[in-house]
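Chains R and H are the protein sequences, given in the same order.
Read in order, the letters of the first sequence correspond to residues 95 to 246 in this note's numbering.
Read in order, the letters of the second sequence correspond to residues 95 to 246 in this note's numbering.
There are 2 protein chains.
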Amino acid sequence: MPRSSIDQQAALDRVLHLAALIDDDMTHGLEAMGLTKARVGVVWLVHQQGPRTQRELAEALSVSPRNVTGLVDALVATGFVTRAPHPHDRRSTLVTPTVRGRTVGDDLAAGRAQFAEALFADLSDRRFDAIVSGLDALLERLPVVLAQEVSR
Amino acid sequence: MPRSSIDQQAALDRVLHLAALIDDDMTHGLEAMGLTKARVGVVWLVHQQGPRTQRELAEALSVSPRNVTGLVDALVATGFVTRAPHPHDRRSTLVTPTVRGRTVGDDLAAGRAQFAEALFADLSDRRFDAIVSGLDALLERLPVVLAQEVSR
DNA sequence: TATTGTTATACTCTATAACTATA
DNA sequence: TATAGTTATAGAGTATAACAATA
Chain R
95 MPRSSIDQQA ALDRVLHLAA LIDDDMTHGL EAMGLTKARV GVVWLVHQQG PRTQRELAEA
155 LSVSPRNVTG LVDALVATGF VTRAPHPHDR RSTLVTPTVR GRTVGDDLAA GRAQFAEALF
215 ADLSDRRFDA IVSGLDALLE RLPVVLAQEV SR
Chain H
95 MPRSSIDQQA ALDRVLHLAA LIDDDMTHGL EAMGLTKARV GVVWLVHQQG PRTQRELAEA
155 LSVSPRNVTG LVDALVATGF VTRAPHPHDR RSTLVTPTVR GRTVGDDLAA GRAQFAEALF
215 ADLSDRRFDA IVSGLDALLE RLPVVLAQEV SR
């Protein structure tokens, strides 16, 4: 007997539910650190890739340059990053993590690792592999699915 | 050889990436209908469960009553719902879908079904079952993981 | 006295357009 | 002339606190 449409919708709900739970947890965890999701995107980028211009950050975050100005303003005010002059272009500023920003970046990386560990550690290798290849299958199919949506 | 921490982090990234892609698509789709994610939550609830008081909506959406006032204001202005008097309690208003609201609710339900179909249809039953039971395993474990986070 | 929804106020994220300084 | 970032303005979502009407 083929699986029903209902089963597939329930599976989609599971994906969305899982994502919502993780998202909520992430939001609350960041709040405890005095950060928001939007701001932490900036901190994470300059932590992982080193100092970046606001233009580069806007590009990487798919957000307007004006928005980056606001996010960086807030992060400077709360001590997570600083604006440093660009060595070769006086129009640009290099957003650079402070000690506090670097600490947060390290904590985020560690938290991410711990979270993944806690989430997956108890699963058998067989099941883990099944999940990963399942997710890969979904991610491969998704662009096609979304393109169909657009053309609808 | 046991799987590495890196593998597990990559798996977590896949979950988050999948969720982000679906979320983006949903946001753009709603925008095309003149709705936002926050507002559609209201429309979806009154479509699925029938007219509800704002208090009930605030509760169901985990959002402040004040916020519901704003969302309903916007939905009334754009013609998706109306405020009707509550038959037994003159303090309350029943948020009720208009014809347009009901149409959107039907479309959302249909879109959700189509999306699930497109996403999962090509997968073998065996792989589909593996994904579902994998997701179940993650969802079962997640509250425990999150509780650990809180106590950290 | 308790509850429902609103007004008042404020903060965050987001965008576009116009402007300044620099390239 | 083009680019980097800011000021100006606006809209959406969110919250708390004070208040009115009703229960």
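Cβ coordinates follow ideal geometry from the N, Cα and C atoms, glycine included.
Neighbour flag for residue i against chain R, beta carbons, 8 Å
{"i": "Phe209(H)", "result": "yes"}
{"i": "Gly135(H)", "result": "no"}
{"i": "Gly228(H)", "result": "yes"}
{"i": "Ser99(H)", "result": "yes"}
Beta-carbon gap between residue i and residue j smaller than 8 Å
{"i": "Leu229(R)", "j": "Val109(H)", "result": "yes"}
{"i": "Leu213(H)", "j": "Leu233(R)", "result": "no"}
{"i": "Pro159(H)", "j": "Ala168(H)", "result": "no"}
{"i": "Leu124(R)", "j": "Lys131(R)", "result": "yes"}
{"i": "Arg177(H)", "j": "Val166(H)", "result": "yes"}
{"i": "His141(H)", "j": "Arg196(H)", "result": "yes"}
{"i": "Thr190(R)", "j": "Pro237(R)", "result": "no"}
{"i": "Ala207(R)", "j": "Ala113(H)", "result": "no"}
{"i": "His122(H)", "j": "Thr147(H)", "result": "no"}
{"i": "Thr163(H)", "j": "Val175(H)", "result": "no"}
Pairwise C-alpha distance: residue j and residue i
{"i": "Val137(H)", "j": "Leu202(H)", "result": "10 Å"}
{"i": "Ser68(R)", "j": "Ile225(H)", "result": "Absent from the model: residue 68(R). The displayed extent of chain R is 95 to 246, so no value can be given."}
{"i": "Met127(H)", "j": "Gly173(R)", "result": "41 Å"}
{"i": "Gly199(H)", "j": "Ile100(R)", "result": "17 Å"}
{"i": "Gln103(R)", "j": "Arg221(H)", "result": "16 Å"}
{"i": "Ser156(H)", "j": "His182(R)", "result": "49 Å"}
{"i": "Arg246(H)", "j": "Arg235(H)", "result": "A caution first: Arg246(H) carries a pLDDT of 46, below 50, which makes its placement in the model unreliable, though a value can still be read off. Approximately 17 Å, taken between the alpha carbons."}
{"i": "Gly135(R)", "j": "Gln143(H)", "result": "37 Å"}
{"i": "Asp117(R)", "j": "Arg194(H)", "result": "31 Å"}
{"i": "Ala204(H)", "j": "Ala210(R)", "result": "34 Å"}
is_contact[residue i, chain H] using C-beta, thresh 8 Å
{"i": "Ala231(R)", "result": "yes"}
{"i": "Arg196(R)", "result": "no"}
{"i": "Ala212(R)", "result": "yes"}
{"i": "Leu129(R)", "result": "no"}
- Query: Listed in chain order, which residues of the segment 143-165 of chain H have Cβ atoms closer than 8 Å to some Cβ of chain R?
  - Reply: Listed in sequence order: no entries.
- Message: Contact between the segment 213-224 of chain R and the segment 181-196 of chain H is defined here as three or more beta-carbon pairs at a separation below 8 Å; is this criterion met?
- Response: Counting Cβ pairs under 8 Å, fewer than three are found: no touch.
- Task: For the segment 101-113 of chain R, enumerate the residues whose C-beta is nearer than 9 Å to any C-beta of chain H, in chain order.
- Result: Taking a C-beta cut-off of 9 Å against chain H, the contacting residues of the segment 101-113 of chain R are Asp101, Gln102, Gln103, Ala104, Ala105, Leu106, Asp107, Arg108, Val109, Leu110, His111, Leu112 and Ala113, listed in chain order.
- Message: What are the residues in the segment 215-226 of chain R lying within 9 Å of chain H by C-beta distance?
- Response: The residues in question are Ala215, Asp216, Leu217, Asp219, Arg221, Phe222, Asp223, Ala224, Ile225 and Val226.
- Taking Cβ-Cβ distances below 8 Å as the criterion, which residues of the segment 166-185 of chain H are in contact with chain R? Residues: none.
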